[in-house]
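*Asks:* Residue numbers (our numbering), protein chains in the order written: chain E, 521 to 799; chain C, 217 to 394.
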């Protein structure tokens with residue numbers, strides 16, 4: 521009897537360990553990027569304002585660079601605008617408040633208050649949330665126009681976005697000026713490179729070629745992703761292209777949030793097509 | 217006794233905050249991810265009942281999962297470490313020394329033995345954490361590199377946390393326990 525009690529005493533800790541561990545495993549196995557973003561969002565509601573303080577302090581040191589970038593962007597936009605005005609001869613005031621015409625993409629800005637690059641699944645925290653009109657699936661773009669990630673989950677004042685540097689991140693990428701497109705993903709190894717896979721073997725790829733976004737329901741097309749570093753034929757007869765990211769993910773401060781105005785319509789259309797295919 | 221619980225509670229909170237606001241934001245490299253919070257498990261008294269070890273491990277892991285948004289990896293790793301800590305102790309110390317109890321500190325164990333013991337505990341934590349984080353065998357040598365480098369950096373940081381926690385009290389605890 522004494523031995524039996526001793527045995528249970530021993531086994532009871534082991535049992536507790538197994539039960540707790542399997543609960544944790546169960547929860548982890550059932551989790552998706554969305555659950556993780558939700559978790560981060562919830563804890564952010566508590567610590568977000570502290571992150572924001574830290575980010576604010578850090579921002580002072582980058583102001584000069586930030587100004588240069590914004591000025592360059594402003595110059596580029598002015599030039600583009602001049603070209604547009606010259607060709608279309610539209611009165612300026614009608615451009616400022618377009619009537620009837622609705623922009624396809626709507627931009628707003630946010631600050632990055634926390635960003636990791638060393639984990640396998642990296643997320644970016646932003647200082648704007650539902651209150652400021654942020655919604656899931658808005659694209660994150662740098663002021664220079666290169667991709668960063670997209671919003672997964674929003675709270676009132678903060679939101680959490682999936683980073684390009686997340687092994688679950690996927691988007692459509694293509695070689696600028698060519699037709700073939702493939703899938704962009706991060707293999708979790710180096711924070712300055714991503715992979716463009718499934719590029720057909722007849723495509724000519726040169727190191728230094730620009731890789732841009734293809735058509736997706738999140739990113740506007742033709743945003744720069746990076747430059748081709750090298751390419752390799754994989755056993756299935758497709759190229760895997762190693763792409764050096766143009767965005768410096770470790771130094772993110774300010775991002776543009778881009779909302780695809782027709783996202784809902786596009787999604788409904790895609791669902792309709794899928795449904796009719798199934799029938 | 218009550219004093220000690222308060223001190224451990226303060227240490228717990230300090231470690232969680234340090235991990236959250238300092239070590240998670242260092243962004244050193246994909247291969248170096250210090251999991252400093254495991255210092256709490258390393259420094260729990262040797263006489264802590266196994267059930268209490270598990271529950272404290274659960275509390276620490278769940279906390280880290282919530283703030284890091286990792287959905288379970290921290291809990292899986294910390295529970296495992298909390299459960300297997302007696303093995304690490306047995307690998308370094310004689311049975312009698314373990315039975316005497318007390319905080320596993322460099323003063324109590326000797327510097328070399330403490331580093332070996334802390335290294336084993338940290339390695340177990342990092343092994344489970346990074347294996348589950350990558351969840352693939354395809355680049356396992358890279359995961360191994362991540363485990364090894366993070367173990368080294370974390371062990372060094374555990375050494376500093378030990379100084380922070382025990383400080384001048386290190387000697388005091390030893391004489392109290394005897």
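Every residue, glycine too, gets a C-beta built ideally from N, C-alpha and C. Treat the numbers as computed from the prediction; the structure is a model and nothing was measured.
Flag residue 263(C) as yes if its beta-carbon sits less than 8 Å from any beta-carbon of chain E, otherwise no.
*Replies:* Against the second chain, residue 263(C) aligns to sequence position 47. No - not a single Cβ of chain E is within 8 Å of the one on residue 263(C).
*Asks:* Does the separation of the CB atoms of residue 646(E) and residue 637(E) fall below 8 Å?
*Replies:* Stepping through the first chain from its first residue, residue 646(E) is reached at position 126. Stepping through the first chain from its first residue, residue 637(E) is reached at position 117. In this structure, residue 637(E) does not lie closer than 8 Å to residue 646(E) by Cβ.
*Asks:* Rounded to a whole number of angstroms, what is the C-alpha to C-alpha distance between residue 214(C) and residue 288(C)?
*Replies:* Given a span of 217 to 394 for chain C in the structure shown, any question on residue 214(C) remains unanswerable.
*Asks:* Determine whether the beta carbon atoms of residue 739(E) and residue 626(E) lie at a separation below 8 Å.
*Replies:* Residue numbering aside, residue 739(E) sits at position 219 when the first chain is read from its first letter. Residue numbering aside, residue 626(E) sits at position 106 when the first chain is read from its first letter. No, the pair does not count as a contact, with Cβ atoms beyond the cut-off.
*Asks:* Name the two residues that bound the continuous beta strand (DSSP E) containing residue 745(E).
*Replies:* For the purposes of this step, residue 745(E) is identified with residue 225 of the first chain, where counting begins at 1. Residues 744-753.
*Asks:* Which value, in whole angstroms, describes the spacing of the CA atoms of residue 231(C) and residue 363(C)?
*Replies:* Residue numbering aside, residue 231(C) sits at position 15 when the second chain is read from its first letter. Residue numbering aside, residue 363(C) sits at position 147 when the second chain is read from its first letter. Cα-Cα distance, rounded: 20 Å.
*Asks:* Is the shortest distance between the beta-carbon of residue 557(E) and the beta-carbons of chain C less than 8 Å?
*Replies:* Position 37 of the first chain, counted from the first residue, corresponds to residue 557(E). At least one chain C Cβ lies under 8 Å of residue 557(E).
*Asks:* So, at 7 Å on beta carbons, what are the nonlocal neighbours of residue 379(C) in its own chain, with the 5 sequence-adjacent residues on each side left out?
*Replies:* Counting from one through the second chain, the residue named residue 379(C) turns up at place 163. There are no such residues.
*Asks:* Grab me the residues of residue 779(E)'s own chain with a C-beta within less than 6 Å of its C-beta, minus the 5 sequence neighbours each way, in chain order.
*Replies:* The residue labelled residue 779(E) in the question sits at position 259 within the first chain. Answer for residue 779(E): 626, 658, listed in chain order.
*Asks:* When you compare only the Cα positions, how much space is there between residue 280(C) and residue 767(E)?
*Replies:* Within the second chain, the letter at position 64 stands for residue 280(C). Within the first chain, the letter at position 247 stands for residue 767(E). Cα to Cα, residue 280(C) sits roughly 29 Å from residue 767(E).
*Asks:* Would you grab the beta carbon distance between residue 715(E) and residue 748(E) for me? Rounded to a whole angstrom, and I think it's under 8 Å.
*Replies:* If you number the first chain from 1, residue 715(E) lands on position 195. If you number the first chain from 1, residue 748(E) lands on position 228. Rounded, the Cβ-Cβ distance is 11 Å, inconsistent with contact.
*Asks:* For residue 323(C), which of 229(C), 239(C), 259(C) has the nearest alpha-carbon?
*Replies:* Your numbering for residue 323(C) matches position 107 in the second chain. Taking only the C-alpha atoms, the option nearest residue 323(C) is 259(C).
*Asks:* Return the first residue and the last residue of the alpha helix (DSSP H) that residue 768(E) is part of.
*Replies:* Residue 768(E) sits at position 248 when you count from the first residue of the first chain. Unbroken run through residue 768(E): none, as it is neither H nor E.
*Asks:* Residues of chain E with CB closer than 7 Å to the CB of residue 266(C), please, in chain order.
*Replies:* As a first step, residue 266(C) is located in the second chain; it is residue number 50 there, counting from the start. Per Cβ cutoff of 7 Å: 533.
*Asks:* Strictly by DSSP, which residues pair up with residue 776(E)?
*Replies:* Translated into the one-based positions of the first chain, residue 776(E) becomes position 256. Looking at the DSSP assignment, residue 776(E) forms a beta bridge with 629(E), 661(E).
*Asks:* What does residue 547(E) touch in chain C if you count any residue whose Cβ is under 7 Å from its own?
*Replies:* Your numbering for residue 547(E) matches position 27 in the first chain. Within 7 Å Cβ-Cβ: 287, 288.
*Asks:* So, using beta-carbon positions, are residue 775(E) and residue 662(E) closer together than 8 Å?
*Replies:* Here residue 775(E) refers to the residue found at position 255 of the first chain. Here residue 662(E) refers to the residue found at position 142 of the first chain. The answer is yes: Cβ separation under 8 Å.
*Asks:* Taking the alpha carbon of residue 641(E) as the point to measure from, which residue in 788(E), 783(E), 688(E) has its own alpha carbon closest?
*Replies:* Position 121 of the first chain, counted from the first residue, corresponds to residue 641(E). Cα-wise, what sits closest to residue 641(E) is 688(E).
*Asks:* In the DSSP assignment, the beta strand (DSSP E) including residue 703(E) goes from what residue to what residue?
*Replies:* Counted from its first residue, the first chain places residue 703(E) at position 183. From DSSP, the beta strand (DSSP E) with residue 703(E) extends over 701-705.
*Asks:* If distances are taken between C-alpha atoms only, which option among 246(C), 250(C), 217(C) comes closest to residue 377(C)?
*Replies:* Taking the second chain and counting its residues from 1, the one referred to as residue 377(C) is at position 161. With distances taken between Cα atoms, residue 377(C) lies closest to 250(C).
*Asks:* Cα separation between residue 307(C) and residue 544(E)?
*Replies:* In the second chain, residue 307(C) corresponds to position 91, counting from 1. In the first chain, residue 544(E) corresponds to position 24, counting from 1. Roughly 28 Å separates the two Cα atoms.
*Asks:* Just mark residue 556(E) as buried or exposed, buried being the case when its beta carbon has 16 or more other beta carbons within 10 Å.
*Replies:* As a working mapping, residue 556(E) is identified with position 36 in the first chain. Label assigned to residue 556(E): buried.
*Asks:* Return helix, strand or coil for residue 228(C), following the three-state DSSP convention.
*Replies:* Residue 228(C) sits at position 12 when you count from the first residue of the second chain. Residue 228(C) falls in the helix class under three-state DSSP.
*Asks:* Can you list, in chain order, the residues of its chain with a C-beta nearer than 8 Å to that of residue 651(E)? Leave out the 5 residues immediately preceding and following it.
*Replies:* The count along the first chain starts at 1 and reaches residue 651(E) at position 131. The answer, listed in chain order, is 676, 677.
*Asks:* Measure from the alpha carbon of residue 746(E) to the alpha carbon of each residue in 694(E), 782(E), 719(E), 527(E), then state which is nearest.
*Replies:* Stepping through the first chain from its first residue, residue 746(E) is reached at position 226. Ranking the options by Cα distance to residue 746(E), first place goes to 694(E).
*Asks:* On the three-state DSSP scale, how would you describe residue 741(E)?
*Replies:* Working through the first chain from its first residue, we reach residue 741(E) at position 221. Residue 741(E): coil per DSSP, three-state reduction.
*Asks:* Against chain C, does residue 643(E) count as a neighbour if the rule is that its beta carbon must be under 8 Å from one of theirs?
*Replies:* Within the first chain, numbered from 1, the residue matching residue 643(E) stands at position 123. For residue 643(E), the answer is yes, since a Cβ of chain C falls inside 8 Å of its Cβ.
*Asks:* Under 8 Å, do residue 252(C) and residue 239(C) count as touching if we go by C-beta distance?
*Replies:* Numbered from its first residue, the second chain carries residue 252(C) at position 36. Numbered from its first residue, the second chain carries residue 239(C) at position 23. Against a cut-off of 8 Å, the Cβ pair of residue 239(C) and residue 252(C) comes out as a contact.
*Asks:* Tell me which same chain residues have a C-beta within less than 8 Å of the C-beta of residue 758(E), skipping the five on either side of it?
*Replies:* Counted from its first residue, the first chain places residue 758(E) at position 238. So the list reads 702, 717, 718, 719, 720, 721, once near-sequence residues are dropped.
*Asks:* Could you work out which residue in 315(C), 292(C), 290(C) is closest to residue 302(C) when comparing CA atoms only?
*Replies:* Here residue 302(C) is taken as the residue at index 86 of the second chain, counted from 1. Checking every option, the nearest Cα to that of residue 302(C) belongs to 315(C).
*Asks:* What would DSSP say about residue 688(E), mapped onto helix, strand or coil?
*Replies:* Here residue 688(E) refers to the residue found at position 168 of the first chain. Coil at residue 688(E), not helix or strand.
*Asks:* Do you know how far the Cα of residue 723(E) is from the Cα of residue 753(E)?
*Replies:* On the first chain, position 233 is the one that residue 753(E) refers to. On the first chain, position 203 is the one that residue 723(E) refers to. Going from the Cα of residue 753(E) to the Cα of residue 723(E) covers about 11 Å.
*Asks:* Would you report the Cα separation of residue 530(E) and residue 345(C), rounded to the nearest angstrom?
*Replies:* Start at 1 with the first residue of the first chain, and residue 530(E) comes out as number 10. Start at 1 with the first residue of the second chain, and residue 345(C) comes out as number 129. The alpha-carbon atoms of residue 530(E) and residue 345(C) are separated by roughly 26 Å.
*Asks:* Looking only at its chain, what residues have a beta carbon closer than 7 Å to the beta carbon of residue 273(C), apart from the 5 residues adjacent to it on each side?
*Replies:* One-based indexing of the second chain puts residue 273(C) at position 57. 257, 294, 295, 297, 298.
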